[in-house]
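Protein sequence lines, in the order shown, are assigned to chains P and B.
Residue numbering for the first sequence follows this note's numbering, starting at 1 and increasing by one per position.
Residue numbering for the second sequence follows this note's numbering, starting at 1001 and increasing by one per position.
Here's the structure we're looking at; comments come further down.
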Amino acid sequence: MPATQSRINDFVLKIATVNGTGSASANGLLMKALFRMGIPVTGKNLFPSNIQGLPTWYEIRANREGYISSAGRVDVMVAMNAQTYQKDLDEVSPGGFLVYDSTWPRESTLHRDDITVLGVPLSKLCNEAFSVARLRILMKNVAYVGALVALLNIDLDVIKKLLEQTFASKPKLIDSNLEAIMLGYDYASENFTCPLPVRAENMGDNNKGKIMITGNEATGLGCLYAGATVGAWYPITPSTGVMDSFSKYCETFRVDPETGEKRYCIIQAEDELAAAGMVIGANWVGARGFTPTSGPGISLMSEFIGFAYYAEIPSVFINVQRAGPSTGMPTRTQQSDVMQCAYASHGDTKHPILFPSNPHECFEMAVTVFDLAERLQTPVFMLSDLDIGMNDWMVSELTWDDRYRPDRGKLLGPEELKKMERFVRYLNVDGDGITYRTLPGEDPKGAYFVRGSGHNRYGAYTEDSDEYQDVLDRLLVKWATAKTLVPDALLSKAERSTKLGIVAYGSTDGAVIEARDRLADQGIHADYLRIRAFPFTEEVEDFLRAHDTIFVVEQNRDAQMKSLLMLEANDIADRLVSILHYNGKPIPGSCVVEGVTGHLEKEAAA
Amino acid sequence: MTYARPRIDLPGQKTNEIGLALHDYEGSLSTLCAGCGHDSITAALVQALWEMSIAPEKLIKMSGIGCSSKTPAYFVHGAHGFNSVHGRMPSVATGALAGNRALIGIGVSGDGDSLSIGFGQFGHVIRRNVNMLYLIENNGVYGLTKGQFSASADAGSTSKRGEVNQMQNINAVATAISMGASFVGRSFSGDREQLVPLIKAAIAHPGCAVLDVISPCVTFNDHQGSTKSYAYVREHRHKAMETDLISPRAEIKASYYAGDTHPVRLHDGSTILLRKVDPDYDPTRRNNALGFLERHRSRGEIVTGLLYIDQNVTDMHTQSRTVRTPLKDLEFERLNPGSEALEKLQLGMK
Ligand SMILES: Cc1ncc(C[n+]2csc(CCOP(=O)(O)OP(=O)(O)O)c2C)c(N)n1
Ligand code: SF4
Ligand SMILES: [Mg+2]
């Protein structure tokens, strides 16, 4: 672990608490304050699959360069949880600091010479200042924020303003919160040399044009902007926030103020199987429907996903991935459902997938995913993960083009039908494999029968081998069209021409960005391609062929993306080298650096 | 293959209020076994929909998997159909009717489809009270997979090979009533006179109307020893109720209120007329209905008719206060708040 020295606007602050004690808002306050001081920040939750009473951590990384991946370091630890004190103490980087509640004496055996331990009698201060029991617990959290404000040189005015905005409707709370802040602040100022060498310094309007948001919130908002009207879901961590967000914004924007009528319908289904059926039913009649879920939900939905693939019904599946297999670690992150989603269901099936890397992309792709589903008339997945979905990210402000209109794809209405002699559902009229559909409720001429059983190009039931295969082969033509419609991969060239390449996707992006800079410091240059969709667009294969060694970085055990790439270009499979991280925590940049250097050293020795 | 039926317009044939003939409500030719009860139910549906003058394009026909679930292809070719996956018709219907509440939904299912693999969805579509007709074509076996006992097979009923079913049956109507269904009826595929008006009442009912129609499987469950054979059902039927649907435009005659006749006004202005065959029976009280069913069941009788109705259970859209306009028809401008709103809401994220 690198030693903590003078670290201005480059530090990791970790807060250890117990869940259910209201520390989340205190941590949010700290994070927002740093953000408003213009310092790039990210906040990561490490929480148990439990409601109250178990250890939980919140890690804020402040970094003037804008690096966001896990730093693998702790400069300041706030140890509020006696249960995990030993572990938290051990985790502080040499030269770092630990703040604890000194109301009660610590065990003398718990000690480290190489860090500075700062005791603040938080409970005592709060017990003296507040009389209500619940308030005492809550304010203890706010008091440590106060101490950190002094220790880390956080702007007190920014804090005050934040409190005023947060509690605008409850002015009484502004006073009590501020009182608690000052308890910690004054104590720290009087007893320690403030600020510490690890500290914040105002960066002015450096964060202009940025917002702080979670991926789930951005995804729900994206679904709203896409014009989704039917949301069907079954609660599951870490995807629940998507529907919470959709529902919240629908209440704001889609309820008639006079009648109370809602321009949306959210259905909490009895299970994910039903949620999938509802989404498919809604899209069949022409309403944009979606379901947010996580891996176990996709397992249950698989039969329906194959149905929608074969019957060609647009449908949107948002998978916020968590650590599997089975129940796994529901509150930890992973990218381990790539294969599952790519080929979900029995028989020959494959599905387009979008891979957002951050909340900004969650918002954009939550719109794209509906357009693609309707354009391609097939299930389309968006694969986010817990890290993106539930953590606090600083991203560019979301923007919207008011000229946007949904792409409804090849949809025939009564007008068009009138001009046709006869409507046929599965005829490849345009040669792109995408056929025309009609909606129920509009015109008897457009009526057709949706079925998951064998059907021919006219939509009729068939058990004829040629007729059956004709449709199955046409779906491959559609797949080729999908390749041209999904979002491009993003290429970032190294400063110098190189035969080394890195491929990554989703939340692994941050670690790769940071690792490339560190590698460049060591003279190792690598081009970087961030995959944003499956099927792979042309530039993916071009990239693989243009490099001798390609590191595929991903957060799963079985190298799932690498396997997909190998299917695409199996003649160069030996050029692909996996860098894998799958312990449930977000991948740190150092993991990529070590993966690359380790491999290169081994090659050199061989 | 699907066999299209030739359309023949006969001079002077009867048409309904929207000018359509009975054959306009037919579908492709059935491929079920000759004599299968399911085909009689299809014919009753054709008759009922024609009599109600339902515009074909306003109808959606959905089903799961099974012989019974094939039947949506055999009626109203001008309506969109959806043959989904085994046991999951209710979820597709829920999503479809969520997206377009103006559609008239008919879901056809089997006893295997609804009472085994799809038991959960059966319960939950009732719980949400999705406005649709939920029709179970009940033959006591899995027809399509060649005659295994289904969950509706009565204890003591024998299979074609002589095997005796030991397990208790799941009674679709009693289950539906106790789960809070707003409309529950039972009938017999061989009793068109009872079935047609019951279907009409079920479609008119503004909620999830469950119809359990005993529909003998001539190939696997029509032998002696079966309690779902034509002969057994004919012999053990106990008609509790005859039903009529009176359209909103029709005049309500005074005689409707006489004696054992009981009119139920629906929200759309139409009236379901219940003529009690059994004076002992009150289909508006859950306890009474369940008790009545149980008394007759223990005597080995199969009660038919409209068994339970509660008009005051709100449907899915009333519960969620969805707009009247079908969601799929809402203009994009009414769904998307636009760039200015996006900018404004992000102030809180800074
Ligand atoms: C997931 C799944 N499992 C099993 C089957 C096989 N299967 C097809 S129809 C059927 C039973 C149908 O019974 P029922 O609903 O009573 O319809 P019937 O044929 O008797 O009308 C089964 C088990 C299937 N289609 N899907
Ligand atoms: S097997 Fe039975 S249920 Fe199926 S079509 Fe034949 S008679 Fe009807
Ligand atoms: Mg059956």
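Here a beta-carbon is modelled for each residue, glycine too, at the ideal position from N, C-alpha and C.
DSSP beta-bridge partners of residue i
i	result
Y58/P	I15/P, N45/P
Q268/P	W233/P
D10/P	N63/P
N1083/B	R451/P, S1063/B
N319/P	T293/P, L383/P
E1242/B	R1275/B
F1183/B	A1209/B, I1309/B
T116/P	F97/P
C-beta contact flag for residue i and residue j at 8 Å
i	j	result
E539/P	D574/P	no
F355/P	L221/P	no
V1233/B	I1214/B	yes
C1067/B	N1131/B	no
S384/P	G595/P	no
I236/P	S326/P	no
N1129/B	A287/P	no
D1191/B	I1136/B	no
C1217/B	G1107/B	no
A1093/B	G1105/B	yes
N1169/B	A1181/B	no
S1091/B	G277/P	yes
K410/P	T435/P	yes
R1286/B	I1177/B	yes
D387/P	T333/P	yes
S315/P	I267/P	no
F35/P	V41/P	yes
Proximity winner among the options, relative to residue i (alpha-carbon distances)
i	options	result
T390/P	G598/P, V18/P, K585/P	Note that residue 390/P is Met in the sequence shown here, rather than Thr. It is K585/P whose Cα lies nearest to the Cα of M390/P.
G184/P	C223/P, G260/P, L122/P	L122/P
S1226/B	A1155/B, A1043/B, F1075/B	A1155/B
E107/P	L29/P, D432/P, A82/P	A82/P
K210/P	R516/P, G328/P, D75/P, I39/P	I39/P
R451/P	L1020/B, S1063/B, Q1047/B	S1063/B
V395/P	T438/P, I213/P, N177/P	I213/P
V1303/B	N1171/B, S1320/B, I1065/B	N1171/B
T368/P	G306/P, V486/P, H455/P	V486/P
R134/P	S357/P, G72/P, G22/P	G22/P
R112/P	K478/P, G96/P, I353/P, L476/P	G96/P
A147/P	A79/P, A168/P, N207/P	A79/P
F543/P	N63/P, V76/P, L163/P, I502/P	I502/P
Contacts around residue i, its chain only, beta-carbon distance under 6 Å, and the 5 residues preceding and following it disregarded
i	result
D1260/B	K1276, P1279
H599/P	V577
M1001/B	Unreliable positioning characterises M1001/B in this predicted model, as indicated by a pLDDT of 44, which lies under 50. The coordinate reading is nonetheless provided below. Nothing meets the Cβ criterion.
Q1194/B	S1187
C591/P	H581
P1056/B	V1076, G1078, A1079
V230/P	C265, A282, A287, G289
E1301/B	H1236, H1238
Same chain only: Cβ atoms within 7 Å of residue i, ignoring 5 sequence neighbours per side
i	result
E541/P	E568, A569
T498/P	H525, A526, D527
P1248/B	D1268, G1269, S1270
F1332/B	none
E397/P	G209, K210, I211
V593/P	A515, R518, L519
D407/P	D371, E374, R375
D1222/B	P1216, S1229, Y1230
Y1074/B	G1027, S1028, S1030, T1042
D1053/B	At residue 1053/B the sequence reads Ser, which differs from the Asp that was named. Cβ within range, chain order: N1016, E1017, I1018.
V158/P	A33, R36, M37
Close beta carbons around residue i, own chain, < 8 Å, minus the five adjacent residues each side
i	result
H1267/B	P1206, Q1311
Neighbour list for residue i in chain P, Cβ cutoff strictly below 9 Å
i	result
P1337/B	L224, Y225, Y249, T252, F253, R254, W400
E1193/B	Simply none; closest approach about 29 Å.
Interface partners of residue i on chain B, CB under 7 Å
i	result
E397/P	Q1346
Neighbour list for residue i in chain P, Cβ cutoff strictly below 7 Å
i	result
I1060/B	P440
G1081/B	F449, V450
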